[in-house]
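This note's numbering numbers the first residue of the sequence shown as 21 and each following residue consecutively. For each residue, glycine too, the CB sits at the ideal point set by N, CA and C. Encoded as structure tokens, the structure appears first; notes follow it.
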Amino acid sequence: MVGTVGLYEPDTYMEARPTYPLEWYSKLAALTPHHNLAWDVGTGNGQAAIGVSEHYKQVIATDVNMAQLERATPHPRVRYLPTPQTMNDNELVSLIGGENSVDLITVATAVHWFDLSHFYSIVSRVLRKPGGVLAVWSYFDMAVSPEFDSLFKKFHDSLLPFWPKEVTDYVHEGYKTLSFPFESVGLGSEGNPLPLEIHKQLSLNGILKLFRSFSPVNVAKSQGLDLLSPEVVKGFENAWDGPLTSVRDVTYKAFMLAGKVRS
21 MVGTVGLYEP
31 DTYMEARPTY
41 PLEWYSKLAA
51 LTPHHNLAWD
61 VGTGNGQAAI
71 GVSEHYKQVI
81 ATDVNMAQLE
91 RATPHPRVRY
101 LPTPQTMNDN
111 ELVSLIGGEN
121 SVDLITVATA
131 VHWFDLSHFY
141 SIVSRVLRKP
151 GGVLAVWSYF
161 DMAVSPEFDS
171 LFKKFHDSLL
181 PFWPKEVTDY
191 VHEGYKTLSF
201 PFESVGLGSE
211 GNPLPLEIHK
221 QLSLNGILKL
231 FRSFSPVNVA
241 KSQGLDLLSP
251 EVVKGFENAW
261 DGPLTSVRDV
271 TYKAFMLAGK
281 VRS
């Protein structure tokens with residue numbers, strides 16, 4: 021219920037995934053009057069948990085994916101804890117800190133995997149009232165140049181039949197279709213996520229490694245379809261118009277929803 025799913029090969033994903041801007045954490049921290057405890061759910065490699073820890077005394081970072089937790093970056097204010105599917109609600113609430121105890125809950129690129137009604141019931145129990153904030157975000161599209169972006173769209177469209185339903189229903193829609201029954205705090209609201217951008221310096225080699233790590237690419241390959249064929253790769257190389265190791269600014273399109281429990 022509160023973990024990430026293996027859509028990417030973990031080490032490759034860590035290399036190419038975007039780094040969430042530090043100002044995001046500052047904005048979220050400014051919304052909570054207390055800064056004692058935060059919970060990062062579906063923490064993966066701990067990127068968001070470490071960002072949050074700059075503003076909160078302690079961060080509980082949980083995931084069901086042990087492969088990701090084993091690669092999580094240690095930090096003195098972050099406790100990484102597994103949350104197996106066998107854990108019941110009361111055990112989970114106690115693990116996090118108890119009822120009405122959490123100042124900020126973050127879910128970075130993971131909430132679309134959750135049983136939302138179940139997760140939101142846990143949020144309502146542990147989030148501090150008043151003052152606690154839940155923030156969820158993800159990213160999807162990328163922009164490099166008009167020629168590259170056109171090829172990326174064709175490549176993306178070829179992946180559509182092989183993405184899990186949670187991705188096509190929520191992430192591809194920029195979380196506009198995601199249920200989010202919380203009172204807005206000014207950073208997006210149900211049906212109207214806040215659009216954001218994330219910039220990262222990447223080489224074409226790095227981008228192609230990321231593409232090859234995509235689950236749909238490997239699922240299709242197991243069915244005899246090479247979605248990242250030599251011809252597709254050559255097209256990306258031509259659009260890059262430079263050495264494959266040359267680094268360029270890649271813009272990931274991101275989106276966020278943040279809110280508090282309705283009184």
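By Cβ distance below 6 Å, which residues in the same chain neighbour Thr271 in space, the five residues on each side in sequence not counted? Stepping through the sequence shown from its first residue, residue 271 is reached at position 251. If we look at Thr271 and ignore the five residues flanking it on each side, its Cβ neighbours are Ala163, Glu217 and His219.
Could you check which residue in Gln78, Phe175 and Ile70 has the C-alpha nearest to that of Asp246? For the purposes of this step, residue 246 is identified with residue 226 of the sequence shown, where counting begins at 1. It is Phe175.
Should Val22 go down as buried or exposed, given a rule of 16 or more other Cβ atoms within 10 Å for buried? Counting from one through the sequence shown, the residue named residue 22 turns up at place 2. With a pLDDT of only 48 at Val22, under the threshold of 50, the placement of this residue in the model should not be trusted; the figure read from the coordinates follows. Counting Cβ neighbours within 10 Å, Val22 comes out buried, since at least 16 surround it.
Is the Cβ-Cβ distance between Val72 and Val127 less than 8 Å? Here residue 72 refers to the residue found at position 52 of the sequence shown. Here residue 127 refers to the residue found at position 107 of the sequence shown. Not a contact, by the Cβ cut-off of 8 Å.
How many Å lie between Phe292 and Phe256 at the Cα? For residue 292 there is no data in the structure shown, the boundaries of the chain being 21 and 283.
Please state the DSSP three-state secondary structure of Val146. In the sequence shown, the residue the question calls residue 146 occupies position 126. Val146: helix per DSSP, three-state reduction.
Using CA coordinates, which residue listed in Gly118, Phe134, Gly152 and Ser204 is at the minimum distance from Asp189? Position 169 of the sequence shown, counting from 1, holds the residue named residue 189. The option with the nearest alpha carbon to Asp189 is Phe134.
Kindly give me the distance between the Cβ atoms of Lys280 and Glu203, rounded to whole angstroms, as I take these residues to be in contact under 8 Å. By 1-based counting over the sequence shown, the position of residue 280 is 260. By 1-based counting over the sequence shown, the position of residue 203 is 183. Between Glu203 and Lys280 the Cβ distance is about 5 Å, and since that is below 8 Å, they are a contact.
Between the CA atoms of Gly64 and Leu42 - distance to the nearest angstrom: Taking the sequence shown and counting its residues from 1, one reaches residue 42 at position 22. Taking the sequence shown and counting its residues from 1, one reaches residue 64 at position 44. Cα-Cα distance, rounded: 18 Å.
Considering only DSSP beta bridges, list what Asp269 is partnered with. Your numbering for residue 269 matches position 249 in the sequence shown. Asp269 is bridged to Gln221.
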